[in-house]
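To keep things clear, I will list the structure first and then write my remarks on it.
2 protein chains.
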Amino acid sequence: MKIDGIDKKIIRSLIKDARTPILSIARDVGISGAAIHQRLRKLEKSELIDGYQMMINPKTLGYNTIAFVGLFLENTAVLSSIIKRLKEVSEVVECHYTTGNFTIFIKVLCKNNEDLMRVLETKIKEIKGVVRFDTFTSLNKQIDRQVHV
Amino acid sequence: MKIDGIDKKIIRSLIKDARTPILSIARDVGISGAAIHQRLRKLEKSELIDGYQMMINPKTLGYNTIAFVGLFLENTAVLSSIIKRLKEVSEVVECHYTTGNFTIFIKVLCKNNEDLMRVLETKIKEIKGVVRFDTFTSLNKQIDRQVHV
DNA sequence: CCTGAAACTCCGTGATT
DNA sequence: AATCACGGAGTTTCAGG
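Residue numbers (UniProt numbering), protein chains in the order written: chain A, 1 to 149; chain B, 1 to 149.
Written out as structure tokens, the structure is:
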């Protein structure tokens, strides 16, 4: 997949604000709206673009605690069924299968530390196959961005 | 901040696709476009909405490796200058100040394992104040979503 | 908090270079 | 791969219930 400077400008505009009108990008870039439209269609077809999302600020909903939790599993644990159970825990917003000390690594979003404890104790620890876990609580998110284009 | 069922429908539509026309949401919900527009303005003012982003699929650009890296710092390390240096490393897409074993926890996006090694050895290890780090490489992202609304 | 209507802007496509 | 032109659609604002 090769993208040129104009594509980069389109992408950067839309990463910053996905609702930027095509025509306004066109004016910025200096070519017609139809041309931008064509390029965008091509980018979407190439699967470089994985959709457009409204971003929610979790703090406004009272979610103030981010934690990363590494799970240690029993040797006999069935991975797919653990993933399935984790999907049912709405506080789990990311889940990775990893190398290193852990087997599964998750990112959890909770209201506060007590809520985090509750989620870990009543929802994560209860999952069959999970032996123990290590928790890293984020006090402050300093960087949050996408792949550099 | 209190949001009702209609707000939730608007938010869910736009999380799924930030470019969904207001009028199409209006038809779904069964009220006028102007009403949806008004609610959206209010949600934006409330800071519940943190913008709209085009989502890039890193794999299409050759970025196939996600790693979480916990950094151990010298006691004398100056946090703000380390953050500043990390911002200059484009592969670092998230950075948290954490409790637990580490001081700083980052998420890194690289082309492959060799690239990850290069970034860690030549860009992270070189930062003054960073003593050592633990790396967890994601083999597979199973869940990736936003706070539940 | 909603509606309908008006004015404005944008989108998507087809024909053309 | 860009342009223009055009009809259909979406956005935004406002007066009014």
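Ideal Cβ placement from N, Cα and C applies to all residues, glycine included.
Asked: Range covered by the alpha helix (DSSP H) that runs through A:LYS1; Found: Residue identity check: residue 1 of chain A is Met in the sequence provided, not Lys. A:MET1 -> no alpha helix (DSSP H), and no H or E assigned at all.
Asked: B:ASP7 to B:ALA35 span [Cα, whole Å]; Found: 11 Å
Asked: Within the segment 77 to 137 of chain B, ranges of the alpha helix (DSSP H) (whole runs, at least 4 residues); Found: 79 to 87 and 113 to 119
Asked: Within chain B, the residues that A:GLU47 reaches when beta carbons sit closer than 9 Å; Found: ASN57, LYS59 and THR60
Asked: Terminal residues of the beta strand (DSSP E) in which A:GLY33 lies; Found: It is not in any beta strand (DSSP E) - A:GLY33 instead sits in the alpha helix (DSSP H) that spans 33 to 45.
Asked: B:ILE66 to B:LYS45 span [Cα, whole Å]; Found: 34 Å
Asked: Cβ of A:HIS37 within 8 Å of any chain B Cβ; Found: no
Asked: DSSP three-state assignment for A:ALA26, whether helix, strand or coil; Found: helix
Asked: Where B:LEU61 falls: helix, strand or coil (DSSP); Found: helix
Asked: In DSSP terms, what B:GLY70 is bridged to; Found: B:PHE105 and B:ASP134
Asked: Backbone CA spacing between B:LEU109 and A:HIS148 [nearest angstrom]; Found: 9 Å
Asked: Which of helix, strand or coil DSSP assigns to A:LEU139; Found: strand
Asked: Beta bridge counterpart(s) of A:ILE56 as assigned by DSSP; Found: B:ILE49
Asked: Residue nearest to B:MET54 in terms of C-alpha spacing, selected from A:PRO58, A:ASN57, A:ILE49 and A:ILE56; Found: A:ILE49
Asked: C-beta neighbour in chain B for A:VAL93, strict 8 Å; Found: yes
Asked: CB contact flag (residue 152 of chain A, A:THR122, <8 Å); Found: Residue coverage of chain A in this structure runs from 1 to 149, which leaves residue 152 of chain A outside it and unanswerable.
Asked: Beta-bridge pairing of B:ASP144 - partner residues as DSSP gives them; Found: A:GLU94
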